[in-house]
Structures are given as C-alpha cells and as structure tokens.
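Colleague: Structure below; questions to follow.
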Amino acid sequence: MKDLPHAIALSQLQGYLMSKSADELYLDLEFKKIPYGIQHPATSATAPVNAGKNRYKDMYACPTEAMMDDFWRMIWQYDVSTVVMVTNLVEMGKDKQSVSRVVTHFHYTAWPDKDVPTSTSSLLHFWRRIRAHDPDKKQPWVVHCSAGVGRTGTFIAMDILIDEGQARQTVDIYACVTKLRQQRVNMVQTAGQYKYLHRLMVEYLTLRSQFVSNNEFANYQNTLLQVDQKLNKTGLFLQYETEASYHTLELAGANIKDDPYSVATMPENAKKNRFDAILPNNQYRAMLTVPEDGRNDYINAVYMPSYKVDSKYILTQKPLSDTVVDCWRLIEARDIGLVVTFTDEGNEQNGRMFPTTGSLTVCPFNIMFITEHHEEDNFVSRERTVTQLLYQKWPRRQMAPPNVGEFLMLMDAVENRTQSSAALIQCLYVPDGTTRSGLLLVLLYATECMSKDGEVSMPMVIRHLRTRRPQLIPNFEQYRFCYSLMTQYVESNVTYANT
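So this is what it looks like as structure tokens:
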C-alpha cells in the first residue's frame with residue numbers, strides 16, 4: 001500500500017491517538033471522507049437469480065440459508081482451511097462432498113452489531129490464536145459476520161494493518177479502509193469501528209504485549225528485572241509506565257456521550273457508594289433481583305470474567321451499614337457460594353456481613369455461624385451455606401501482599417471451591433472493591449490462562465480486566481507482585497494441559 005499523508009509512524013501512534021482523542025470529532029470527520037456505498041458495478045449480485053442470496057440490500061455476500069451450498073462451494077474451491085465468524089448468529093451448512101478436508105472454525109461471540117468489543121485485548125488474543133493456527137496464510141481465510149462489512153471489515157483491516165505495521169513501522173488506517181471499500185461496500189461500517197482500529201494498532205504494535213510460555217516465564221522476568229543504564233529503570237518498571245500511559249489514553253478515549261456510570265450516580269444510589277471514583281459501569285453492573293421493600297436493584301458491584309467464563313466473579317465493595325442487606329440479596333439472587341475478604345470485618349460493626357458467633361439478622365435474612373477452621377494461619381474458612389475465605393496476611397498499609405506462597409494458597413483455596421461448577425459466582429470485596437480483590441482476580445485469570453494455554457501476557461490480562469474495573473493494579477508494587485507470583489506458580493510443578 002503506497003504511503004499517503006495519513007501514514008503514521010509506530011513511534012508516534014500512541015501520541016497521535018491521544019491528541020486526536022482530545023478532539024472528539026476529528027476521527028469522525030476523517031472517517032466520513034472515506035468513500036461510502038457501492039464503488040463498482042455489482043451486476044452479478046443484483047441479478048434476479050441471485051437476489052435471494054443477499055442478506056441486506058446494497059450489501060452483498062455473507063452466508064444466508066439460500067446461499068449456504070454456495071458458501072461451502074467457495075470454501076472447497078479456494079481450499080479454505082480457516083473460517084472466522086465475528087457474530088453471534090449460528091448458521092451451519094452441510095458438506096455433501098465425498099472427499100473430506102479439515103476446516104477450522106473460529107467464533108468470536110463478544111462483538112455487538114454495528115459496534116465494537118469493549119476490550120481490544122480480547123479481540124487481539126482471538127486474532128493471535130487464528131494466526132498461530134495458520135501463520136503463513138497459505139490458504140485464504142473466510143471471514144464473515146451478518147452483513148459482512150462492519151465487523152468483518154474491521155477484523156480484516158486489523159489483520160492487514162498489523163502485517164503492514166510490522167513490515168514498515170508505519171500504519172495507514174485511512175488508506176487501508178479506503179482500499180477495502182474499493183473491494184467490498186462499506187467495509188469498516190461505523191466511525192466507532194474506525195476509532196477501534198486505531199486503538200487495536202496502538203495496543204498491538206506499540207505496547208508489544210508479548211505472550212510468554214510457562215517454561216520461559218522465569219527467564220523473561222529476569223530479563224525485565226535488568227536495569228536500563230540510560231534510564232536507570234528496570235524493564236519491568238518501564239513496562240509498567242507504558243501500561244499506565246496506555247491506560248490514561250484508554251480512559252481519555254472512553255465514550256463520554258453516554259455516561260457509563262449514570263446508574264451509580266443517581267441520587268438514590270450515590271449514597272450507597274463508598275468512594276465516588278469507584279463505580280460500577282452500567283454495562284457490567286450486577287443487578288439485584290430479590291425484591292425488598294423500599295430498595296431498588298442497585299449495588300456497587302460488577303461482573304468480572306475468568307479466562308473461560310464471562311461472569312464468574314462479582315467484584316464489590318465492603319458493604320456500608322445500609323447496604324449489608326443488598327449484599328445478601330445479591331448472594332441469594334446469584335446463588336453465590338463463596339465470599340472472599342481481605343480484612344477482618346468481623347471486628348468492625350459498621351457494615352458487618354458475617355457473625356463470628358451465634359447469628360446475625362439482616363432483615364429479611366438470618367445468617368447463622370456454623371464453624372470456623374484456621375488453615376495454617378493464612379486465612380480463616382468459615383463453613384456454612386455460604387463459605388467465607390478471610391485472608392489475614394496482607395497488612396492494610398502494604399501496597400502488595402508480603403508473601404507470594406501464602407497468596408498462592410489463597411488462590412488454590414478459591415479454585416478448589418469452584419471446580420465442581422464453572423458457573424459458581426464468587427463475591428470478592430475489600431473496603432474499596434478494587435485494590436486487593438482486583439489483584440486476586442488478575443492472578444486467577446492469568447494462572448488459568450497459563451494452565452489452559454501454556455502461555456500468558458500479563459499486560460494484556462490487566463488491560464482486559466480494566467475494561468470492567470479501571471482501578472485494578474493501581475501501583476507498581478502490585479504489578480511486580482504479579483510477575484513474582486506467576487514465576488513461582490510456573491515453578492511449582494503445575495501440570496499444564498491445553499483444553
């Protein structure tokens with residue numbers, strides 16, 4: 001692709017996006033300059049004999065039931081071995097040929113129509129798995145969504161631009177989309193998808209989110225701990241600074257047209273938040289469905305994913321005296337079986353959830369203490385219908401846990417209590433609902449990723465989870481602790497198996 005004025009050097013890409021994000025309309029206006037609509041004759045697509053094969057008027061191709069046989073004929077004719085689906089629609093054809101081939105189908109399910117995924121990291125991880133399957137692209141890929149222009153165009157543009165950036169150290173997103181639209185109508189359909197392409201390029205091409213295998217992780221950490229003599233900083237600290245800068249960029253580029261925290265800031269809900277700056281995003285907030293007179297569905301809590309389950313955890317603040325009942329409404333509604341806490345709230349009467357002896361009435365709930373078991377003085381397990389794990393080895397004034405091994409024991413305890421059901425929701429809270437429980441969630445996600453895939457990118461894990469709780473990993477001490485724990489986890493003779 002020939003250089004045009006829109007080509008951006010990778011060394012300037014992050015600063016470019018930050019400056020253009022400050023002008024909310026700049027990229028929208030640039031996007032509108034790209035030719036729209038049919039650019040070339042479409043006589044075959046508009047022929048009456050083919051009318052039933054088009055899903056949408058003026059947007060031709062993508063599988064419908066009427067063209068399913070043709071879709072598989074195309075796959076067979078062009079020796080396609082990779083099919084990428086970026087929509088939630090499920091439309092499967094039937095191959096009736098006598099000769100067989102292996103076709104691998106990759107399905108990304110978290111992409112809304114005419115919109116973008118909430119996370120750049122998740123799509124890049126999906127793309128990376130496809131490229132690992134077919135790194136040389138010896139056969140063409142078939143990529144489709146519903147109309148075959150918005151999500152499909154964005155995915156194809158991402159693949160092209162990553163190759164372009166790696167080969168030339170520049171990317172020209174404007175020219176790429178323009179050229180794609182010469183080949184297919186309205187590729188990259190919305191300004192939001194156009195902006196998303198910029199974010200994808202910044203993350204993949206400038207942040208260098210290296211995936212590290214389990215047998216290389218210790219050496220990789222040792223490399224990061226070496227000091228850059230010119231900057232007098234370790235590679236790990238430089239990585240942390242880069243991530244902090246990107247996080248600032250992400251927050252600056254967030255959609256401000258629709259307030260993502262509008263429910264949390266409503267007058268009747270604002271008093272239920274411990275901190276004004278730590279609020280649940282409307283898109284991910286956990287809603288209370290157990291009715292209670294005089295109370296609505298709001299609680300300061302968000303759903304958080306594990307590596308395999310989208311909403312396995314609920315992250316919430318320590319309850320206020322007036323919101324304890326809401327925590328129990330949440331536990332009741334979501335059938336939560338495990339609560340993990342980091343401070344001994346049993347000594348604090350304000351907002352106390354669990355009795356240390358006897359019973360505690362939080363109308364309409366009656367919570368009864370059954371038994372308490374100390375596990376090597378690291379945390380306390382109080383068994384009842386709801387199990388509470390109380391972690392006691394993280395002093396309140398320390399930025400990170402003092403002992404990696406003890407924190408691994410907590411993680412093992414959490415995982416052992418969730419093996420029977422992948423859908424079990426855990427409710428994790430500390431006073432602010434982020435600082436400590438966020439570290440636990442990041443490391444549970446990262447170790448599961450390592451266990452399933454045999455590799456992990458810590459920066460990418462953190463970025464992905466920050467889309468739901470931006471305050472995760474708020475300091476370098478926790479960032480460094482993540483690497484220390486992952487190294488010890490790898491060295492603990494854990495058996496990895498891909499699933």
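For the sequence shown, full-length UniProt numbering gives the first residue as 1, with consecutive numbering after it. The C-beta atom is built at its ideal place from N, Cα and C for all residues, glycine as well.
1) Where does the unbroken beta strand (DSSP E) through M304 begin, and where does it stop?
2) Can you tell me which of the three DSSP states E216 falls into?
3) Give me the Cα-Cα distance between R436 and M460, rounded to the nearest whole angstrom.
4) Here's a check: name, in chain order, each residue in its chain whose Cβ is nearer than 6 angstroms to the Cβ of A422, leaving out the five neighbours to either side.
5) Taking G407 and L485 to be in contact with their CB atoms under 8 angstroms, please state how far apart those CB atoms are, rounded to whole angstroms.
6) For V90, I'd like the list of residues in its chain whose CB is within less than 7 angstroms of its CB, leaving aside the five on either flank, ordered along the chain.
7) V149 to K114, Cα distance in whole Å?
8) According to DSSP, simplified to helix, strand and coil, what is E292?
9) Which residue from E415, L472, K452 puts its Cα closest to that of V442?
10) From W111 to H144, what distance separates their C-alpha atoms?
11) With DSSP collapsed to three states, give me the class of H6.
12) Could you give the C-beta distance for M74 and F106, rounded to a whole number, given that I count them as a contact under 8 angstroms?
13) Count the other CB atoms, across all protein chains shown, that sit within 10 Å of the CB of P395; report buried if there are 16 or more and exposed otherwise.
14) Please check the pair S464 and S119, which I expect to be a contact at CB under 8 angstroms, by giving their CB distance rounded to whole angstroms.
15) Between I173, V116, V185, which lies nearest to A147 when the distance is taken from Cα to Cα?
16) Which residues in the same chain have their Cβ closer than 7 angstroms to the Cβ of F237, if we skip the five residues on either side of it in sequence?
17) Helix, strand or coil: which one does DSSP assign to E30?
18) Identify the continuous alpha helix (DSSP H) that holds I314 and give its terminal residues.
19) Less than 8 angstroms between C-beta atoms, sequence neighbours within five positions excluded: which residues of the same chain meet that for F126?
20) Thinking N281 and R468 are a contact (beta carbons under 8 angstroms), I'd like their distance in whole angstroms, please.
21) Among the residues of its own chain, which have a CB less than 6 angstroms from the CB of S100, if the five just before and after it don't count?
Modeller: Short version:
1) Locating residue 304 in the sequence shown gives position 304, where the first residue counts as 1. Element bounds for M304: 301-304.
2) Along the sequence shown, one-based indexing puts residue 216 at 216. DSSP places E216 in coil when its eight states are reduced to three.
3) Taking the first residue of the sequence shown as 1, we reach residue 436 at position 436. Taking the first residue of the sequence shown as 1, we reach residue 460 at position 460. Straight-line Cα distance between these residues: approximately 19 angstroms.
4) Walking along the sequence shown from the start, residue 422 turns up at place 422. Any reading at A422 is ruled out, since the residue's pLDDT is 32, under 50, leaving its predicted position unreliable.
5) Position 407 of the sequence shown, counted from the first residue, corresponds to residue 407. Position 485 of the sequence shown, counted from the first residue, corresponds to residue 485. The amino acid at residue 407 is misidentified as Gly; the sequence shows Phe. Their Cβ separation, rounded to whole angstroms, is 6 angstroms, which keeps F407 and L485 in contact under 8 angstroms.
6) Translated into the one-based positions of the sequence shown, residue 90 becomes position 90. For V90, the predicted model reports a pLDDT of 45, less than 50, meaning its position is unreliable; a value from the coordinates is still stated below. No residues qualify anywhere along the chain.
7) Position 149 of the sequence shown, counting from 1, holds the residue named residue 149. Position 114 of the sequence shown, counting from 1, holds the residue named residue 114. Their Cα atoms are separated by approximately 9 angstroms.
8) Walking along the sequence shown from the start, residue 292 turns up at place 292. In the structure shown, E292 sits in coil (DSSP, three-state: anything other than H, G, I, E or B).
9) Taking the first residue of the sequence shown as position 1, residue 442 is located at position 442. Nearest of E415, L472, K452 to V442, Cα basis: L472.
10) Within the sequence shown, the letter at position 111 stands for residue 111. Within the sequence shown, the letter at position 144 stands for residue 144. Straight across, the Cα-Cα distance linking W111 with H144 is about 12 angstroms.
11) The sequence position of residue 6 within the sequence shown is 6, counting from 1. Note: H6 maps to coil in three-state DSSP.
12) Residue numbering aside, residue 74 sits at position 74 when the sequence shown is read from its first letter. Residue numbering aside, residue 106 sits at position 106 when the sequence shown is read from its first letter. Between F106 and M74 the Cβ distance is about 17 angstroms, and since that is not below 8 angstroms, they are no contact.
13) What you label residue 395 is simply residue 395 of the sequence shown in a count that begins at 1. By the neighbour-count rule (16 or more Cβ atoms within 10 Å), P395 is not buried but exposed.
14) Residue mapping note: residue 464 aligns to position 464 of the sequence shown, counting from 1. Residue mapping note: residue 119 aligns to position 119 of the sequence shown, counting from 1. With the sequence shown as reference, residue 464 is identified as His, and Ser is not the correct amino acid for it. Between the beta-carbon of H464 and that of S119 there is about 5 angstroms, and that keeps the pair under the 8 angstroms contact cut.
15) Here residue 147 refers to the residue found at position 147 when the sequence shown is read from its first residue. The shortest C-alpha to C-alpha distance from A147 to any of I173, V116, V185 is the one to V185.
16) Within the sequence shown, the letter at position 237 stands for residue 237. F476, listed in sequence order.
17) Along the sequence shown, one-based indexing puts residue 30 at 30. It is helical.
18) In the sequence shown, the residue the question calls residue 314 occupies position 314. For I314, no alpha helix (DSSP H) segment is defined; the enclosing uninterrupted segment is the beta strand (DSSP E) at 313-317.
19) For the purposes of this step, residue 126 is identified with residue 126 of the sequence shown, where counting begins at 1. So the qualifying residues of the chain are F106, Y108.
20) Sequence index remark: in the sequence shown, residue 281 carries index 281 (1-based). Sequence index remark: in the sequence shown, residue 468 carries index 468 (1-based). Your pair N281 and R468 checks out as a contact, with CB atoms roughly 6 angstroms apart and the cut at 8 angstroms.
21) Along the sequence shown, read from residue 1 onward, the residue named residue 100 stands at position 100. None.
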